[in-house]
Amino acid sequence: MVFIGTFVKMSDLIQLLPDSVANQIAAGEVVQRPASAVKELLENTIDAGASEIKLIIRESGKMLIQVVDNGCGMSERDARMCFERHATSKIRSADDLFAIRTLGFRGEALASIASVAQVELRTKRTEDEIGTAIIVEGTEFKGQSAVNCPDGTSISVKNLFFNVPARRNFLKSNTLELKYIMEEFFRISLVNPNIAFNFYNQDKILFQLPVSNLKQRIVNLFGNSYGQRLIPVEQHTDIVNIAGFIGKPEFAKKSRGEQYFFTNSRYMKSPYLHHAVETAFRELIPNDSFPSYFLYLEVDPKTIDVNIHPTKTEINFQDIKSIYAILHAAVKQSIGKFNLSPSLDFNVEQSMELPALPKDHQVRPPTITLNPDYNPFEKRMRTENQNPFPEKMHNSIDGWQKLYQQIPMPAPEPELMGFPASESTKSIQVQNAFIITHTKTGIVIIDQQHAHERILYERFLDQPAGDTSASQKLLLPHSIQLTSDEALMVKEWLPHLMKLGFDMAEFGKNSYVIHSIPASVSTQNPGELLETLIESLKAPDKESKSNPNHVLAKNMAKKLAVKRGRKLMQEEVDTIVENLFSCKVPEFSPEGKPTLTLFTYEELNRKFKLS
Ligand code: ADP
Ligand code: MG
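Reminder that position 174 of the sequence shown reads as 183 in the working numbering, one-by-one numbering, no gaps.
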């Protein structure tokens, strides 16, 4: 062994590479572009326990990447050591590899970065009086001095790839490199809402992220509109804890947008788990749209493979199939919950403090039962069909009779009206236009169209303002294009439309997007409904000024009511009879046309000369 290096036989070919070359090769893997240096430097600040992190870049990191933190800092010795290959404070034994909780552990990043850039380090621990400054250029140690500096660490990486022109030329435009950096910044700041971040580009602040809850962090990163878009997801099982947010289906994007998975506070890619989320959304968003999600998985570190390449973001899970099923169910459940109760307040902060699994924890299959056929939208789908009587719909003919008995008719002053029909009433439809029924006082003939208009009219009018149960969310928001006149009119009428249960917002020039429609309306074309309403408002009607709610309710009822000539099912017949007699003014349509005629038994007796 002594001979190696001093005496090399001509037949021996193998030589050890000098460190500088080895480091540059490693750098090729670890530092491919400015964004990868940003990632490594930011991860080190997290591992150092920083609570405030500043990222400063120039020329998209090609000229400067500086990361300043208030973390634990380094001793003088560690400051010198940290640029050595395999210098890490994070792993001491092979066992540690199986319980990795820090982001770095290979001790390669700083060595790699320093081999392809001019690096300046300033660092100080709280317990030290004075800090250390070190300059390294392309692995060459250039100098060290004692400095006065704040607690924590500041690392400046200048002129990346200054000594590897081929790599420098390979870099993309500033716009693209900045995009890559931002992506790394998102991934790290999204897992650390408890850390404040400031990101400067060319001396301008790009992101200012105070310590906040996760939802606020997402909003601070992606814009205020996200405040309204997020639905929380939460699921705890023995195998995996899931927390985070998904974007409401109606905000799905045409471009692959914000889709983030994190496992144990680490960003990861997983096409397989992505599929679990995507299929949960499948029926709700168009094929060419992509849902947003920010999902945080917490698993026992022993059940994932951490021995992965530093720049790779895939993670191997021991029990990926169960995680898939749990994730799919959790997302579906959240969408379902949201759809069924759109008025729930989702601003309540979701605790992101998932309980860590105990050390000696035995992993068992999930204890929740998963129903693969569970469809949270079932209830929703039902109201989407064309039946104008969604709330009273029964599939079997037997069912309606029971229903009839179960729901007592709250008829006002029945004696006075001569109504209601007795329990044995069997109403029948004739000519696809009239309903014949009988009551205590006589035989009633109802005009189905006028009657239904009356029923709907009162329902629309009676909705208390701001009553969100009056509104049903559309599976997909519906946009309509208006003329500028119409847009003005809608703007003026918006409060009244909202009272009726429309939830709509201006969306660009003269167009609106409808998010919700009145709850009792079942229409597959909300745009058409709104257009009819707008048409009706155009009529120079004095009434519309003095009583706008009435005009809207009247026109909507007219539009949606079942028409003369339509064959009704028995339960529809009964629903009309029942609901008409519950109206305040059952005798007239909102336009003042008769809804019914009554032939009293007295009259009939007279007619047939029976008395
Ligand atoms: P790794 O993170 O894999 O350990 P690095 O090359 O990224 O390797 O860092 C080497 C060592 O330098 C770390 O283990 C840590 O001890 C120290 N270090 C790096 N950055 C910081 C920082 N911002 N604050 C404190 N210590 C740091
Ligand atoms: Mg590191």
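All residues carry an ideal CB built from backbone N, CA and C; glycine is no exception.
Where does residue i sit, in a helix, a strand or coil, going by DSSP?
i, result
"LYS213", "strand"
"SER431", "Low local confidence applies: a pLDDT of 45 at SER431 is under 50, so the model's placement there is unreliable, and no value is given."
"ASP314", "strand"
"GLY451", "strand"
"ASN207", "strand"
"HIS284", "helix"
"ASP309", "coil"
"HIS524", "strand"
"ASP87", "helix"
"GLY116", "coil"
"LYS500", "helix"
"GLN244", "strand"
"GLY517", "coil"
"ASP21", "coil"
"VAL372", "Low confidence applies here, because VAL372 scores a pLDDT of 43, under 50, leaving its location unreliable and the question unanswered by this model."
"ALA252", "strand"
"GLN438", "strand"
"LEU607", "strand"
"PRO486", "strand"
"ALA155", "strand"
"LEU223", "helix"
"ASP512", "strand"
"ALA570", "coil"
"LYS167", "strand"
"LEU491", "coil"
"SER480", "strand"
"GLY147", "coil"
If you draw a straight line from the alpha carbon of residue i to that of residue j, how long is it in whole angstroms?
i, j, result
"PHE92", "LEU51", "16 Å"
"GLN225", "GLY236", "8 Å"
"ASP78", "ALA252", "28 Å"
"LEU605", "ASP456", "6 Å"
"ARG615", "THR609", "10 Å"
"ASN519", "ASP494", "9 Å"
"ILE329", "ILE335", "10 Å"
"ASP583", "LYS449", "17 Å"
"TYR189", "ALA44", "6 Å"
"HIS245", "VAL286", "17 Å"
"VAL571", "PHE443", "12 Å"
"ASN404", "THR492", "In this prediction, ASN404 has a pLDDT of 30, which is less than 50 and means its spatial position is unreliable; what the coordinates show is noted afterwards. Distance between the alpha carbons of ASN404 and THR492 is about 43 Å."
"GLN490", "TYR302", "30 Å"
"LEU561", "LEU569", "12 Å"
"SER221", "GLY256", "19 Å"
"THR97", "ARG275", "19 Å"
"LYS99", "GLY80", "15 Å"
"TYR209", "MET191", "11 Å"
"PHE299", "GLN268", "9 Å"
"PHE347", "GLN438", "40 Å"
"SER480", "PHE194", "39 Å"
"GLN579", "LYS435", "9 Å"
"GLU38", "LYS181", "17 Å"
"GLU68", "ILE248", "45 Å"
"ASP512", "ARG265", "27 Å"
"LEU628", "GLY70", "Residue 628 lies beyond the residue range present for the chain, which begins at 10 and ends at 620; the question has no answer from this structure."
"ARG89", "ALA57", "17 Å"
"GLU117", "PHE516", "50 Å"
Bridge partners of residue i, per DSSP?
i, result
"PHE260", "In DSSP, PHE260 forms no bridge with anything."
"ASN325", "ASP314"
"GLU49", "BP columns for GLU49 are empty, so no partner."
"MET277", "PHE270"
"ASP456", "PHE443"
"VAL77", "LYS63 and SER163"
"PHE179", "In the DSSP output, where bridge partners are listed per residue, PHE179 has none listed."
Could you tell me whether any non-hydrogen atom of the ligand COA is closer than 7 Å to the CB of residue i?
i, result
"ASN53", "As for the ligand COA, it is missing from this structure, which binds only the ligand ADP and the ligand MG."
Inset, instruction - Count the C-beta pairs between the segment 144-154 and the segment 177-187 that are closer than 8 Å, then say yes if the count reaches three, no if not. - result: no
Inset, instruction - Report yes or no: do three or more beta-carbon pairs, one from the segment 494-507 and one from the segment 594-609, lie closer than 8 Å? - result: no
Inset, instruction - Answer yes if the segment 126-146 comes into contact with the segment 22-30, meaning at least three C-beta pairs across the two stretches below 8 Å, and no otherwise. - result: no
Legend entry - At least 3 beta-carbon pairs within less than 8 Å: the segment 157-176 vs the segment 204-218: no
Inset, instruction - Evaluate the contact criterion for the segment 510-526 versus the segment 536-543: three or more CB pairs, one atom per stretch, below 8 Å. - result: yes
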